[in-house]
Amino acid sequence: MSMFYVVCFDISDDRTRYRVAKVLKGYGYRVQKSVFECPRLTEKKLLTLMDRVDRLIDHTTDTVRFYRQCEACLKSFEHVGLGLTPERQSYGAV
Numbered sequence: 012m013s014m015f016y017v018v019c020f021d022i023s024d025d026r027t028r029y030r031v032a033k034v035l036k037g038y039g040y041r042v043q044k045s046v047f048e049c050p051r052l053t054e055k056k057l058l059t060l061m062d063r064v065d066r067l068i069d070h071t072t073d074t075v076r077f078y079r080q081c082e083a084c085l086k087s088f089e090h091v092g093l094g095l096t097p098e099r100q101s102y103g104a105v
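Numbering (our numbering), first residue to last: 12 to 105.
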């Protein structure tokens, strides 16, 4: 079963930030400079993504956060300004 994740990061080194963003582009789409939306992540894909990111970052200065979004959360999504509403499809229960 797949889930929708919001992934955000704060990475100090330009090269590392570029590499992490490149990995994330393979799993979702960029909605802000350091924020990605990753729909349809299975548990296996999530663990693979986390492992790939974990190998790239400096654990003393960098942080990457993975926020699981349930279907109810996506239904109450709001934004202002540019951007699209996330895809609304059936995601697994939390």
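Backbone N, C-alpha and C define an ideal beta-carbon position, used for all residues, glycine too.
For clarity, every value in this text was computed on a predicted model and none was experimentally measured.
Item	Value
Through-space distance from Glu82 to Phe88, alpha-carbon basis	10 Å
For Cys84 and Asp25, the rounded distance between their alpha carbons	32 Å
Per DSSP, the bridge partner or partners of Leu52	Met14
CA-to-CA distance, Leu93 to Leu58, given in whole angstroms	31 Å
For Tyr78, the first and last residue of its enclosing alpha helix (DSSP H)	Tyr78 -> not in any alpha helix (DSSP H); beta strand (DSSP E) instead, spanning 74 to 80.
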